[in-house]
Amino acid sequence: MFEIKNLKASLEDEDKQILKGMDLKIGAGEVHAIMGPNGSGKSTTSYVAAGKGGYVVDEGEVLLNGVDLLELEPDERAAQGLFLAFQYPVEIPGVGNMTFLRTAVNSQRKLRGEEELNAAQFLKLVREKAKSLKIDAEMLKRPVNVGFSGGEKKRNEILQMAMLEPKMCILDETDSGLDVDAMKLVSEGVNALRDGKRSFLVITHYQRLLDHIKPDVVHIMADGKIIKSGGPELALEVEHNGYADLLNEVA
Amino acid sequence: MGELKRESAAEALLTRHNAPRPAAAWVESARRAAQARMLAIGAAGRRDEYWRYTNPAALNTAEAPDVEILELEETPVFDGVDKLLITFVDGIYRPDLSDSLSGEHIEITTLEEAFSADIHWAESVFGVLEGNGQSPVSRPFAVLNTALAEQGVVIRATGKVSKPVALRYVRESTRSDVLLHHVIRVESGADLSVLENGAGGARLNTVMEIDVADGGAFHHLRAQGRDHARLATTHMFARLGTESTFKSFTLSVNGKLTRNEVVIDIMGDNTKASVAGASLGDGDFLHDDTIFITHDAVNCESRQVFKKVLKNGATGVFQGKILVQPDAQKTDGYQISQGLLLDDDSNFLAKPELEIYADDVACSHGSTCGAIDENSLFYLMSRGVHRAEAQNMMIVAFLDEAIQEIESEALAEDIRSRLLGWTERHSA
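Heads up: the protein sequence lines correspond to chains E and P, in order. With the working numbering, the residue at position 114 of the first sequence is 98, and numbering never jumps. So the working numbering is basically just the index in the second sequence, starting at one, shifted up by 430.
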């Protein structure tokens, strides 16, 4: 379903390799989590997979249902079914949330050769999904993420995810900046999208999020690659003991 | 340019148009004053402080250049608006292409007709506001216009005028060198909207003098369209009374050289003035907005909001000034000018100026110049939006602060859709 093969990537402006042979395989319907110390390359993995500028891929592949995403523009990757929930959703003054969402939904449908949603169909759908995430209509009228609180921004990410119905979702530190209630709300939003076919990669620093979004597999990442994989108990171990033991174990 | 040369250049300008036909005494006197003013200030030269960024040479030549007329399939802007239409073809009023010059709460005559009559109020506006606006910065093409123009409209609004007056400038001749002069008085408590569009001539010089009495409101919306050969120098001179409102928005697209000057004197307390513009240039085009707002009253607000999107060698110029006189306390002045450069070949030249002599004022100003924000672009694209479309969304978003200055939501939407059309046609 989703596979990262021996991925090596560097920063474009500096001669510095961040990902140093990353391997990851996520089957359909599975939820995987990546934890790891700061600077281990967790966010870089998500950016390189989604096609953000500023990185050079030195080696490797990122495959979604057999298609190498690295050959595609970010919008084409999205149309293939990849979705990245940003750690820091970008504020775009002047671009209306609704206009943006509708353009995104219809651009993807067009790229996939599906019929575009008309205004009424779209409105009905977005209202329905927004309601379950407790996003009010006023928020949808505002420019993208402008004046949104941290929690609102993250809920907006999940709303976009719900509207775009991707096959593979990467959540980059979606729990950062969220209070307990907001984390619960966001997690419920994510769990509602688990349908046995859609896959998730949850990047987080804290085990707490994984109480809400239960992973099948937990990976520990350090210095640009996965150093250990296991069940949910691995996250608990990190929570109690930190990374030091794990890092020593591997070294 | 030396003094002598400037003066002879001014003389040359005064003789390049036909001498105006004799008119009523008050007009003749205003014309004589303008002639003298013209010789005193001289022609515009590259060394002038306010002509450094924009070369006036093409405006100074003896004859208008022979231009190619661009045929557009697009419906003209403001076509769908219920309006009182006044058409000028190559600078000549055309009653056959205009609505009847009458309406509720409004008196309209052509300048030609007004010139042979005694219109008391016009006497205190025609050439007077323009004359006041020559100091401290001279505006030679406006003086030239006062001295020689014979065509235009004279409008007096006496109440809330329901339909906007739409001035449409048609160009048919390839060499017309057009002077249009409009004189407007908005009486106390009256409300008038004026729309302007069209190429007008091979070379177009307009002056609009607007006298807004206490409690009056004046709204102006102008579209300078896609006539690539446009050589235009436009001027607005406004005098604003107590508790009055003045709003002007201009959309400029391409055009060889477009210089829009706006001079506003805020004379009465609690008054609001806004001048805004959005311009788009793709190619060897230049848009220059030169604004001068003087606060001479208490508790007034003024706004200057200019946004320019430039590519393929286009140049955007902004020279904006806020002058706050010693007694103009509680002034709230805002000025923003921003250039969005879509490539490395384009230029945005900005000169924001604040001159403040009062101590209890709030003036904020900013000027920025940059490229499309890559982070935002990636965010939009990561949701499936194509690069070109994402970029277009960001261009329209960039311009939106200026468009928000337009009072009428329907007209603002019209402008937005034109902008979107432009971005789609000019996508990389």
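Even glycine gets a Cβ: it sits at the ideal position worked out from N, Cα and C. All figures in this text were calculated on a predicted structure; none of them were measured in a lab.
Item to check | Meets three-Cβ-pair contact criterion under 8 angstroms: the segment 477 to 486 of chain P and the segment 617 to 631 of chain P | outcome: At 8 angstroms Cβ cutoff, the stretches do not touch.
Checklist entry - What does a CB cutoff of less than 6 angstroms around V32(E) pick up in its chain, not counting 5 residues either side in sequence? => result Within the same chain, V32(E) has close Cβ partners A(-7), Y39.
Item to check | Boundaries of the alpha helix (DSSP H) in which G851(P) is found, first to last residue | outcome: Boundaries of the alpha helix (DSSP H) around G851(P): 839 to 855.
Checklist entry - Which class does G135(E) belong to by DSSP, given the choice of helix, strand or coil? => result Under the three-state reduction of DSSP, G135(E) is assigned to helix.
Checklist entry - So F556(P) is in the beta strand (DSSP E); what residue range does that whole segment cover? => result Note, F556(P): premise wrong, no beta strand (DSSP E); not H, not E.
Checklist entry - Is the segment 175 to 192 of chain E close to the segment 146 to 161 of chain E, with three or more CB pairs under 8 angstroms? => result Taking one beta carbon from each stretch, the segment 175 to 192 of chain E and the segment 146 to 161 of chain E have 3 or more pairs nearer than 8 angstroms; the two touch.
Checklist entry - With 8 angstroms set as the bound, which would you pick, yes or no: does the beta-carbon of D830(P) sit closer than that to a beta-carbon of chain E? => result It does: the Cβ of D830(P) has a partner Cβ on chain E nearer than 8 angstroms.
Checklist entry - Hey, how far is the Cα of L(-5)(E) from the Cα of I2(E)? => result One C-alpha to the other measures close to 7 angstroms.
Next on the checklist: Between E57(E) and chain P, is the shortest Cβ-Cβ distance under 8 angstroms, so that the two count as touching?
Outcome noted: With 8 angstroms as the cut-off, E57(E) counts as an interface residue toward chain P.
Item to check | CB-CB length for V728(P) against G763(P), believed under 8 angstroms | outcome: Contact flag wrong, Cβ pair sits at about 13 angstroms.
Next on the checklist: Pop quiz: G533(P) and V591(P) are said to be a contact at Cβ under 8 angstroms. What is the actual Cβ separation, rounded to whole angstroms?
Outcome noted: Between G533(P) and V591(P) the beta-carbon gap is near 7 angstroms, inside 8 angstroms, which marks them as a contact.
Item to check | Nonlocal neighbours in the same chain, by C-beta distance under 8 angstroms from D773(P), ignoring five residues either side | outcome: Here the set comprises K741, N742.
Checklist entry - Who are the near neighbours of M431(P) in its chain, counting only those whose CB is closer than 6 angstroms to its CB and skipping five residues on each side? => result Unreliable positioning characterises M431(P) in this predicted model, as indicated by a pLDDT of 49, which lies under 50. The coordinate reading is nonetheless provided below. Cβ within range, chain order: G475.
Checklist entry - With C-beta atoms as the reference, is A66(E) less than 8 angstroms away from A17(E)? => result Before going further, note that residue 66(E) is Leu rather than Ala in the sequence given. Against a cut-off of 8 angstroms, the Cβ pair of A17(E) and L66(E) comes out as no contact.
Next on the checklist: Counting C-beta neighbours from all protein chains within 10 Å, is the total for P506(P) 16 or more, i.e. buried, or is it exposed?
Outcome noted: The residue is exposed, with fewer than 16 neighbouring Cβ atoms inside 10 Å.
Checklist entry - When you compare only the Cα positions, how much space is there between L574(P) and K760(P)? => result The C-alpha of K760(P) is placed about 37 angstroms away from the C-alpha of L574(P).
Item to check | Completely contained beta strand (DSSP E) runs for the segment 771 to 802 of chain P, where each covers 3 or more residues | outcome: The qualifying runs are 777 to 786, 792 to 800.
Checklist entry - Residues of chain E with CB under 7 angstroms from R846(P), in chain order? => result In chain order: nothing, as chain E lies at least about 11 angstroms away.
Item to check | Assigned exposure category for Q861(P) - 16 Cβ within 10 Å defines buried | outcome: Because chain P here runs from 431 to 858, residue 861(P) falls outside it and cannot be looked at.
Next on the checklist: Among the candidates L193(E), A228(E), M145(E), G11(E), whose CA atom is the shortest distance from the CA of A69(E)?
Outcome noted: That would be M145(E), whose Cα lies nearest to the Cα of A69(E).
Checklist entry - Can you round the beta-carbon distance between Q581(P) and E542(P) to whole angstroms, since I take them to be within the 8 angstroms contact cut? => result Approximately 7 angstroms separates the beta-carbon atoms of Q581(P) and E542(P); this is inside 8 angstroms, confirming the contact.
Item to check | Beta carbon proximity, A88(E) to chain P, threshold 8 angstroms | outcome: At a cut-off of 8 angstroms between C-beta atoms, A88(E) counts as an interface residue with respect to chain P.
Checklist entry - Nearest to V705(P) by CA position, among I694(P), F715(P), I536(P), is which residue? => result Per the Cα distances, I694(P).
Item to check | Separation of L779(P) from D844(P), as counted between CA atoms | outcome: Roughly 28 angstroms separates the two Cα atoms.
Item to check | Assumed close pair L515(P), A460(P) - CB separation to whole angstroms, cut-off 8 angstroms | outcome: The Cβ separation is near 28 angstroms, so there is no contact.
Checklist entry - On the premise that V222(E) lies in contact with S213(E), defined as a C-beta separation below 8 angstroms, what is that separation, rounded to the nearest angstrom? => result The Cβ separation is near 13 angstroms, so there is no contact.
Item to check | Test: M666(P) CB closer than 8 angstroms to a CB of chain E | outcome: Chain E, which has no Cβ nearer than 8 angstroms to the Cβ of M666(P), makes this no.
Next on the checklist: Is the separation between the beta-carbon of L194(E) and that of M167(E) shorter than 8 angstroms?
Outcome noted: Taking 8 angstroms as the Cβ cut-off, L194(E) and M167(E) do not qualify as a contacting pair.
Checklist entry - Leaving out five residues before and five after L850(P) in sequence, what residues of the same chain have Cβ atoms less than 8 angstroms from its Cβ? => result Within the same chain, L850(P) has close Cβ partners N822, V826.
Checklist entry - Grouping DSSP H, G and I as helix and E and B as strand, with all else coil, what is V164(E)? => result In the structure shown, V164(E) sits in a helix (DSSP, three-state: H, G or I).
Checklist entry - To the nearest angstrom, how far is it from the Cα of L489(P) to the Cα of S847(P)? => result C-alpha separation (whole angstroms): 32 angstroms.
Checklist entry - Given a threshold of 16 other Cβ atoms within 10 Å of its Cβ, counted over all protein chains shown, does H665(P) qualify as buried or as exposed? => result H665(P) is buried by the Cβ-count criterion.
Checklist entry - Roughly how many whole angstroms lie between the Cα atoms of L559(P) and S530(P)? => result Whole-angstrom Cα-Cα distance: 28 angstroms.
Item to check | Residues near T602(P) in its chain [Cβ-Cβ closer than 6 angstroms; skip 5 each side] | outcome: Checking the displayed sequence, the identity of residue 602(P) turns out to be Glu instead of Thr. Contacts found: V519, D520.
Next on the checklist: Taking its Cβ as the centre, do 16 or more other Cβ atoms sit within 10 Å of R615(P), making it buried, or is it exposed?
Outcome noted: Classification of R615(P): buried, given that the 10 Å Cβ count is 16 or more.
Checklist entry - Could one say the Cβ of F808(P) lies closer than 8 angstroms to chain E's Cβ atoms, at least one of them? => result Put simply, the CB of F808(P) is near chain E, with a gap under 8 angstroms to one of its CB atoms.
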